[in-house]
Amino acid sequence: MTSKASAPGKVILFGEHFVVYGKKAILATINKRVTVTSEKINENKISIKSDLGELVKPVTESIEKINSPLKPFFYIAKEMLQKFNFDGGVNIVVESEIPSGIGLGSSSACCVAGAASISNLFTELSKENIIDLAIKAEQTIFKDTSGADCTVCTHGGIIEYDKQGGFKKINSPNDFTLIILNSGQAHTTSVTVSKVKDFKENNEEKFLSLCEKEDVLIANVKEALRKNDLKAIGKSMSENQNYLEEIGISNDKIREMIMLVKNYAYGSKITGAGDGGCIIALADVINLADVMKNLQVKNYECFSVKIDSRGLDTF
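Mapping of the sequence shown onto numbering that gives the first Met the number 0: position 159 corresponds to residue 158, and the numbering continues sequentially without gaps.
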């Protein structure tokens with residue numbers, strides 16, 4: 000028996016970093032996907048093949064001894080094999096359209112698609128149970144993951160998320176195009192989160208004021224998303240970028256990219272941790288081809304995406 004599932008990547012449209020302190024964030028899935036194909040085998044091993052390499056280990060191997068970006072797949076497979084007392088193993092093949100390590104949710108999409116594909120060999124899980132399994136899998140490599148990425152990758156579309164209240168779907172036409180530009184600068188999320196924490200502790204009043212401004216921005220932009228008001232969405236993106244500048248997670252390269260797209264986009268901002276990684280720009284589709292050509296001539300790694308409304312697919 001073979002089981003297949005795919006899940007989309009994601010961008011953070013609004014609220015990164017502030018969400019750590021109990022504020023809301025808005026996330027959206029994009030039409031770049033991870034597909035995971037799984038099958039039961041008679042051998043007592045878990046075999047994983049992907050663009051990131053291969054991992055082949057006996058089922059009896061301790062999860063703590065696995066040191067690989069493919070560890071979440073091993074965790075899911077081992078959990079299912081043990082839970083259903085299957086005397087054999089699992090073959091797993093991972094195919095991804097999502098660049099890894101640049102804040103587009105590749106690890107969460109892998110965990111969601113992996114949880115659905117592997118579990119379907121044994122049982123049919125609800126979406127909520129798939130999310131729970133995916134989060135536990137992602138925690139094997141990112142201990143402090145919030146679960147927001149796995150949630151949006153499962154449900155698709157645009158969601159509002161906060162740590163206390165969980166997620167709520169935003170009913171939007173989802174009819175817009177984003178340009179994603181990669182700065183090419185490596186960044187470590189935990190280091191950037193720690194940097195923001197230091198800023199907060201040294202600038203309590205200013206940080207509180209920025210949190211209040213972010214609250215207002217999120218409330219206003221939800222209505223703009225429902226109406227697909229591109230000018231209002233773009234303006235909010237640029238405002239959010241100003242707040243991210245103030246907490247110190249921007250840099251010269253990011254500012255250069257934002258200036259580069261200023262005349263072609265409704266607005267732009269960092270997506271994800273910052274200090275490198277990617278920016279997103281809300282594009283005017285009328286001149287999209289010219290914009291992409293101009294950016295590529297300047298040797299920027301960039302691509303355009305639409306909002307994905309499907310979320311997790313199993314087939």
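Beta carbons: idealized from backbone N, C-alpha and C, even for Gly.
According to DSSP, simplified to helix, strand and coil, what is residue i?
i, result
"residue 49", "strand"
"residue 32", "strand"
"residue 71", "helix"
"residue 231", "helix"
"residue 287", "helix"
"residue 37", "strand"
"residue 58", "coil"
"residue 76", "helix"
"residue 83", "coil"
"residue 257", "helix"
"residue 64", "helix"
"residue 311", "coil"
Quick check: does the Cβ of residue i come within less than 7 angstroms of any heavy atom belonging to the ligand FAD?
i, result
"residue 170", "Ligands displayed in this structure: none; no statement on the ligand FAD is therefore possible."
Return the CA-CA distance between residue i and residue j, expressed in angstroms with no decimal places.
i, j, result
"residue 170", "residue 221", "9 angstroms"
"residue 180", "residue 229", "19 angstroms"
"residue 273", "residue 194", "11 angstroms"
"residue 243", "residue 208", "13 angstroms"
"residue 107", "residue 302", "20 angstroms"
"residue 175", "residue 166", "22 angstroms"
"residue 311", "residue 153", "5 angstroms"
"residue 173", "residue 119", "30 angstroms"
"residue 134", "residue 79", "15 angstroms"
"residue 155", "residue 29", "8 angstroms"
"residue 245", "residue 25", "20 angstroms"
"residue 261", "residue 292", "15 angstroms"
"residue 271", "residue 192", "11 angstroms"
"residue 33", "residue 295", "25 angstroms"
"residue 35", "residue 97", "13 angstroms"
"residue 157", "residue 240", "19 angstroms"
"residue 327", "residue 132", "Shown here, the chain extends from 0 to 314; a query on residue 327 therefore has no answer."
"residue 168", "residue 56", "39 angstroms"
"residue 223", "residue 198", "30 angstroms"
Cβ atoms of residue j and residue i: under 8 angstroms apart, would you say?
i, j, result
"residue 40", "residue 93", "no"
"residue 306", "residue 27", "yes"
"residue 5", "residue 112", "yes"
"residue 44", "residue 7", "no"
"residue 130", "residue 144", "no"
"residue 237", "residue 267", "yes"
"residue 46", "residue 91", "yes"
message: Using 8 angstroms as the cut-off, can you tell me whether the stretch 34–53 makes contact with the stretch 63–70, which would need three or more C-beta pairs spanning the two stretches below that distance?
response: Cβ pair count under 8 angstroms is three or more, so yes.
message: Ignoring anything shorter than 3 residues, give me the beta strand (DSSP E) runs that lie fully in the stretch 168–229, in order along the chain.
response: The qualifying runs are 176–181.
task: Give, in chain order, every unbroken run of the alpha helix (DSSP H) that is at least 4 residues long and sits entirely within the stretch 86–162.
output: The stretch 86–162 contains these whole alpha helix (DSSP H) runs: 105–118, 126–137, 147–154.
- prompt: Is the stretch 210–226 touching the stretch 7–14 in the sense that three or more CB pairs, one from each, lie closer than 8 angstroms?
  reply: Touching, yes, given that three or more Cβ pairs across the two stretches are closer than 8 angstroms.
Validate contact between the stretch 117–130 and the stretch 184–198 using beta carbons, cut 8 angstroms, 3 pairs: Verdict: no, contact absent.
field: the stretch 275–284 touching the stretch 97–106, judged by at least three CB pairs closer than 8 angstroms
entry: Yes, the stretch 275–284 touches the stretch 97–106.
- prompt: Do the stretch 245–256 and the stretch 198–208 touch if we need at least three Cβ pairs shorter than 8 angstroms?
  reply: Taking 8 angstroms as the limit for Cβ pairs, the verdict is that the stretch 198–208 does touch the stretch 245–256.
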